[in-house]
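Trainee: I'd like to ask you about the structure that follows.
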Amino acid sequence: MKKIISVLLALGLSLSANAQEAKSVFVQMPDSLSPLLTAVNRADCIDFLESKMKAQVENRFGRTSEMTALSKDYIHMQLSPQTTWQMKLLAINDSTKVICVVSTACAPVCDSAVQFYTTDWKALSTRDYLTLPVMDDFFTAPDSTAAETFNRTRLSADMLLMKGDLSKSDATLTFTFTTPDYMEKETADKLKPFIRRPLSYVWQGNRYSPAY
Numbered sequence: 000m001k002k003i004i005s006v007l008l009a010l011g012l013s014l015s016a017n018a019q020e021a022k023s024v025f026v027q028m029p030d031s032l033s034p035l036l037t038a039v040n041r042a043d044c045i046d047f048l049e050s051k052m053k054a055q056v057e058n059r060f061g062r063t064s065e066m067t068a069l070s071k072d073y074i075h076m077q078l079s080p081q082t083t084w085q086m087k088l089l090a091i092n093d094s095t096k097v098i099c100v101v102s103t104a105c106a107p108v109c110d111s112a113v114q115f116y117t118t119d120w121k122a123l124s125t126r127d128y129l130t131l132p133v134m135d136d137f138f139t140a141p142d143s144t145a146a147e148t149f150n151r152t153r154l155s156a157d158m159l160l161m162k163g164d165l166s167k168s169d170a171t172l173t174f175t176f177t178t179p180d181y182m183e184k185e186t187a188d189k190l191k192p193f194i195r196r197p198l199s200y201v202w203q204g205n206r207y208s209p210a211y
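Under numbering that gives the first Met the number 0, the first residue of the sequence shown is numbered 0, with each subsequent residue one higher.
Set out below in structure tokens:
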């Protein structure tokens, strides 16, 4: 009897662990949060990729979507030529995780939205887990000789656009400043010397903190 109980307990723990993997959470995502992909599409992508096949499916619009990366805690989808979708499972403690989703549209300049969910896809407040960068975070302070050039060109950057990327290998979230991509080339070139490298954020167990 004790042996049976031990086996059932082990099985229960195994199922619980699997339920916390990215692939299980992805398949269980509500259709309302997955307008392009059906549950069958999502399951097929996983099956194809785990079988070392190209994970392409025909989405609801009759076009091709592809899963390009899958690990225990990470998924990357190329939903269309212009849009990508990434998710990362982030541990709060030994038994609780949250989902971070980064959705990016390039039309033509790339811009991303970041959202957080429980593992059963209930929306969480983004500000509880991440303080998004603002425009000035992407600039280095100019020296006195360059201040006038910076101040003049900075005014042309009137809309914050940034591309977010979740790391497959660790719990890092990176933002790349894309506002210059929509500006006139001459103005963007003058602004480039003042732009920082992509901003990195590291998961600290309960929220992302800047690493720059």
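C-beta: ideal position from N, C-alpha, C; glycine also.
Based on the DSSP output, what are the partners of Glu-57 in its beta bridges?
Mentor: By 1-based counting over the sequence shown, the position of residue 57 is 58. Glu-57 is bridged to Thr-63.
Trainee: Within the stretch 14-52, note down every full alpha helix (DSSP H) run reaching 4 residues or more, in order along the chain.
Mentor: With a minimum length of 4 residues, the continuous alpha helix (DSSP H) runs that stay inside the stretch 14-52 are 21-26, 38-49.
Trainee: Please confirm if the stretch 57-70 is in contact with the stretch 131-148, defined as three or more CB-CB distances below 8 Å between the two stretches.
Mentor: no
Trainee: Between Ile-45 and Asn-205, is the Cβ-Cβ spacing less than 9 Å?
Mentor: In the sequence shown, the residue the question calls residue 45 occupies position 46. In the sequence shown, the residue the question calls residue 205 occupies position 206. The answer is no: Cβ separation not under 9 Å.
Trainee: Could you give the first and the last residue of the continuous alpha helix (DSSP H) run that contains Asp-188?
Mentor: Stepping through the sequence shown from its first residue, residue 188 is reached at position 189. From DSSP, the alpha helix (DSSP H) with Asp-188 extends over 184-190.
Trainee: Exposed or buried, Lys-191, counting other C-beta atoms within 10 Å across all chains shown (16 or more means buried)?
Mentor: Here residue 191 is taken as the residue at index 192 of the sequence shown, counted from 1. Exposed, by the Cβ-count rule.
Trainee: Buried or exposed: which applies to Thr-152, given that a residue is buried once 16 or more other Cβ atoms fall within 10 Å of its Cβ?
Mentor: For the purposes of this step, residue 152 is taken as the residue at position 153 of the sequence shown. The residue is buried, with at least 16 neighbouring Cβ atoms inside 10 Å.
Trainee: CB-CB under 6 Å to Trp-84, same chain, minus the five flanking residues each way: which ones, in chain order?
Mentor: Position 85 of the sequence shown, counted from the start, is the residue given in the question as residue 84. Cβ-Cβ distances below 6 Å link Trp-84 to Met-76, Leu-78, Ser-102 in the same chain, with the five nearest sequence neighbours on each side left out; the list follows chain order.
Trainee: For Arg-195, which residues from the same chain have a beta carbon less than 6 Å from its beta carbon, with the 5 sequence-adjacent residues on both sides left out?
Mentor: Here residue 195 is taken as the residue at index 196 of the sequence shown, counted from 1. Contacts found: Phe-137, Thr-139.
Trainee: Using a Cβ distance threshold of 8 Å, determine whether the stretch 104-119 contacts the stretch 49-64, with at least three qualifying pairs required.
Mentor: no
Trainee: Using the three-state DSSP reduction, which class does Pro-209 fall into: helix, strand or coil?
Mentor: Taking the sequence shown and counting its residues from 1, the one referred to as residue 209 is at position 210. Correct three-state label for Pro-209: strand.
Trainee: Out of curiosity, what's the CA-to-CA distance linking Ser-33 and Glu-185?
Mentor: Numbered from its first residue, the sequence shown carries residue 33 at position 34. Numbered from its first residue, the sequence shown carries residue 185 at position 186. In a straight line, the C-alpha of Ser-33 is about 40 Å away from that of Glu-185.
Trainee: Since Val-108 and Asp-188 should fall inside the 8 Å C-beta cutoff, what is the C-beta to C-beta distance between them, to a whole number of angstroms?
Mentor: In the sequence shown, counting from the first residue as 1, residue 108 sits at position 109. In the sequence shown, counting from the first residue as 1, residue 188 sits at position 189. Wrong, their Cβ atoms sit about 16 Å apart, outside the cutoff.
Trainee: Can you give me the start and stop residues for the alpha helix (DSSP H) that Phe-149 sits inside?
Mentor: Along the sequence shown, one-based indexing puts residue 149 at 150. That run of the alpha helix (DSSP H) goes 146-153.
Trainee: Which partner residues of Thr-175 appear in the DSSP bridge assignment?
Mentor: Position 176 of the sequence shown holds residue 175. DSSP, once it has assigned bridges, lists Lys-162 as partnering Thr-175.
Trainee: Straight-line CA distance for Ala-104 to Gln-81?
Mentor: On the sequence shown, residue 104 is found 105 positions in, with the first residue counted as 1. On the sequence shown, residue 81 is found 82 positions in, with the first residue counted as 1. Each residue's Cα considered, the two are about 6 Å apart.
Trainee: Candidates Asp-164, Arg-59, Asp-30, Met-66: which alpha carbon is nearest Phe-47's?
Mentor: The residue given as residue 47 occupies position 48 in the sequence shown. Minimum Cα distance to Phe-47 is reached at Met-66.
Trainee: Can you tell me which of the three DSSP states Ile-181 falls into?
Mentor: As a position in the sequence shown, residue 181 is number 182, starting the count at 1. Reading off the sequence shown, one finds Tyr at residue 181, where the question assumed Ile. Of the three classes helix, strand and coil, the one that applies to Tyr-181 here is helix, per DSSP.
Trainee: Applying the 10 Å Cβ sphere with the 16-neighbour rule, what's the burial state of Gly-163?
Mentor: Within the sequence shown, the letter at position 164 stands for residue 163. Buried, because 16 or more other Cβ atoms sit within 10 Å of the Cβ of Gly-163.
Trainee: What does the Cβ neighbour count give for Ser-143, buried or exposed, with the cut at 16 atoms within 10 Å?
Mentor: On the sequence shown, residue 143 is found 144 positions in, with the first residue counted as 1. Exposed.
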